[in-house]
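Asker: Have a look at this one before I ask anything.
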Ligand SMILES: [Zn+2]
């Protein structure tokens, strides 16, 4: 926060810091445009990062060291590299007094890694006056895909649902397991069935476009576009398989298990928390239906608890703004234009989209990157970014902001 305040000091840029919960501060700056009716653009980057397991790193995760053209440290990819690029462009636009018709809004925001309750969720609900914008760029995109080097642009993301399975058995003495109804054993079988479950497949236009961009051999390509064959083709897809599965299925990941209290007591109850991510088009009631189908005849032992359902969100892939981004990617990225993708995880974009504001996952990465490596660094060890990509991202942000907000008068 102090870094951003120092960056924005002394150039006549007005900003406000809001801290709705202690330690969850966001900074919002606005460069007013000359024309009230011109569309405004928001650049929103989160400031928080996830913890590290330092022993897994080969460099100091908080050292910010530059080694052979790469900046190492937690947040380099997720997402301080992009937030810093947004901040630098905001400062340059303000300091140089570049004439803009629409407002430029910069947000360095808190709490994204914790569900955004005190970040963009709070800001868009309570301080719309501060953060309002007609379109928004946030994390993340710009990764080259396949031989054509098209660059990803996040146009949507899956919704998040959560359920807890309450598994009911019968308590008994630990010395006589045969024939018992051990809730741990029942829960283990429920988890096995859920992870083996092959649910419905959705081949979205974004997925079909992504498969084309990968430039795969004909038979694998065809299988990845066929709902009946995609599951069997996934193992042939290497490090793209996980995202291929998540982009075409509602997913169910058991993430927390609780059962048992004492070594000599067979537990009568167990709880399993399931992280569920749903595709656009999946209805809230479908979540429980799919879970029941997955566990089959175990349902007499299982209650599904909870009804949380965060709607999936999608912004239009073809707008004046995405047209400008496409042109910018072609010029700066020296490759193909935009490749609209659906993010499988959550970003702050969803809170803007829910207010009807198109929001896009942005960035521009150099040709050394591959999508699998890029995804692997999110929340992983040895997070790092090349300086070339930081330069490309800042340049592309500059181009998009000045073109979209251009004062043509
Ligand atoms: Zn992030």
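Numbering (UniProt numbering), first residue to last: 1 to 409. Backbone N, C-alpha and C fix where the C-beta goes; we use that ideal spot for every residue, glycine too. Remember, it's a predicted structure, so these values are computed and weren't measured experimentally.
#1: Below 8 Å, is the gap between the Cβ of residue 442 and the nearest heavy atom of ligand 1?
#2: Please report the straight-line C-alpha distance between residue 247 and residue 280, rounded to a whole angstrom.
#3: Measuring only between beta-carbons, confirm whether residue 335 sits less than 9 Å from chain B.
#4: Mind checking whether the beta-carbon of residue 116 lies closer than 8 Å to any heavy atom of ligand 1?
#5: Since residue 99 and residue 194 should fall inside the 8 Å C-beta cutoff, what is the C-beta to C-beta distance between them, to a whole number of angstroms?
#6: Determine the burial state of residue 364: buried for a count of at least 16 other Cβ atoms within 10 Å of its Cβ, exposed for fewer.
#7: Going by DSSP, what residue range makes up the alpha helix (DSSP H) through residue 161?
#8: Going by alpha carbons, who is nearest to residue 351 out of 125, 297 and 324?
#9: In or out: residue 26 buried (at least 16 other Cβ within 10 Å) or exposed?
#10: Out of 199, 225 and 192, which has the shortest C-alpha to C-alpha gap to residue 205?
#11: Can you tell me where the alpha helix (DSSP H) holding residue 230 begins and where it ends?
#12: For residue 1, count neighbouring C-beta atoms within 10 Å of its own C-beta (all shown protein chains included) and say buried if the count is 16 or more, exposed if not.
#13: What's the C-alpha gap between residue 377 and residue 384?
#14: Which whole-angstrom value is the C-beta distance of residue 214 and residue 146, which I expect to be below 8 Å?
#15: Looking only at its own chain, which residues have a Cβ that is under 8 Å from the Cβ of residue 89, when we skip the five neighbours before and after it?
#16: Using the beta carbon as the reference atom, which residues fall closer than 6 Å to any heavy atom of ligand 1, ordered along the chain?
#17: Pull up the distance between the alpha-carbon of residue 202 and that of residue 94, whole angstroms please.
#18: Run the CB neighbour count on residue 9, radius 10 Å, all protein chains shown included, and call it buried at 16 or more, exposed below.
#19: Going along the chain, which residues of its own chain have a beta-carbon closer than 8 Å to the beta-carbon of residue 7, five neighbours each way excluded?
#20: Taking contact to mean at least 3 C-beta pairs separated by less than 8 Å, is the segment 315-326 in contact with the segment 153-167?
#21: Going by Cα to Cα distance, which pick from 298, 272, 233 and 310 is closest to residue 285?
#22: Could you give the DSSP three-state label for residue 389: helix, strand or coil?
#23: Can you name the start and end residues of the alpha helix (DSSP H) that residue 245 belongs to?
#24: Check the C-beta distance from residue 269 over to residue 183 and give it rounded, since I have them as a contact under 8 Å.
#25: How is residue 378 classed by DSSP in three states: helix, strand or coil?
#26: Since residue 257 and residue 187 are thought to touch, with beta carbons under 8 Å apart, how far apart are those beta carbons, to the nearest angstrom?
#27: Does the Cβ of residue 282 have 16 or more other Cβ atoms within 10 Å, making it buried, or fewer, making it exposed?
#28: With which residues is residue 24 paired in a DSSP beta bridge?
#29: Out of curiosity, what's the CA-to-CA distance linking residue 410 and residue 356?
#30: Quick one: using the 10 Å Cβ neighbour count with 16 as the cut-off for buried, is residue 211 buried or exposed?
#31: So residue 243 and residue 375 are in contact, right, with Cβ under 8 Å, and what is the actual spacing, rounded?
#32: For residue 59 versus residue 382, is the C-beta spacing smaller than 9 Å?
Answerer: To lay it out plainly:
#1: It is not possible to answer for residue 442, since the shown part of the chain is limited to 1 through 409.
#2: Rounded to the nearest angstrom, the gap between the Cα atoms of residue 247 and residue 280 is 10 Å.
#3: Although the question refers to chain B, the structure presented lacks it and comprises just one protein chain.
#4: For ligand 1, no non-hydrogen atom lies closer than 8 Å to the CB of residue 116.
#5: Residue 99 to residue 194, Cβ: 57 Å. No contact.
#6: When all chains shown are included, residue 364 counts as buried.
#7: Residue 161: not part of any alpha helix (DSSP H); member of the beta strand (DSSP E) spanning 159-168, first to last residue.
#8: The shortest C-alpha to C-alpha distance from residue 351 to any of 125, 297 and 324 is the one to 125.
#9: Residue 26 counts as buried, since no fewer than 16 other beta carbons sit within 10 angstroms of its beta carbon.
#10: Nearest C-alpha to residue 205: 225.
#11: Taken as a continuous stretch (DSSP letters only), the alpha helix (DSSP H) holding residue 230 covers 230-233.
#12: Exposed, because fewer than 16 other Cβ atoms sit within 10 Å of the Cβ of residue 1.
#13: Spanning the two alpha carbons is a distance of roughly 8 Å.
#14: Between residue 146 and residue 214 the Cβ distance is about 5 Å, and since that is below 8 Å, they are a contact.
#15: Same-chain partners within the cutoff: 43, 394, 397, 398 and 401.
#16: Summarising the contact set, residues whose Cβ lies nearer than 6 Å to any heavy atom of ligand 1 are, in chain order, 46, 78, 79, 112 and 139.
#17: Roughly 45 Å separates the two Cα atoms.
#18: Looking at its Cβ environment, which holds fewer than 16 other Cβ atoms inside 10 Å, residue 9 is exposed.
#19: Excluding residues within five positions, the ones whose Cβ falls inside 8 Å are 87, 88 and 91.
#20: Short answer: they touch.
#21: For the options 298, 272, 233 and 310, the alpha carbon positioned closest to that of residue 285 is the one of 310.
#22: Three-state DSSP puts residue 389 in a helix.
#23: That run of the alpha helix (DSSP H) goes 241-248.
#24: Right, their Cβ atoms sit about 5 Å apart.
#25: DSSP, read as helix, strand or coil, puts residue 378 in coil.
#26: About 7 Å; that satisfies the 8 Å criterion.
#27: Residue environment analysis places residue 282 among the buried positions, since at least 16 neighbouring C-beta atoms fall within 10 angstroms of its C-beta.
#28: As far as DSSP is concerned, residue 24 takes part in no beta bridge.
#29: Residue 410 is absent from the model: the chain starts at 1 and stops at 409.
#30: Counting every other CB atom within 10 Å of its CB across the protein chains shown gives residue 211 a total of 16 or more, marking it as buried.
#31: About 7 Å separates the two Cβ atoms, so the contact holds.
#32: Against a cut-off of 9 Å, the Cβ pair of residue 382 and residue 59 comes out as a contact.
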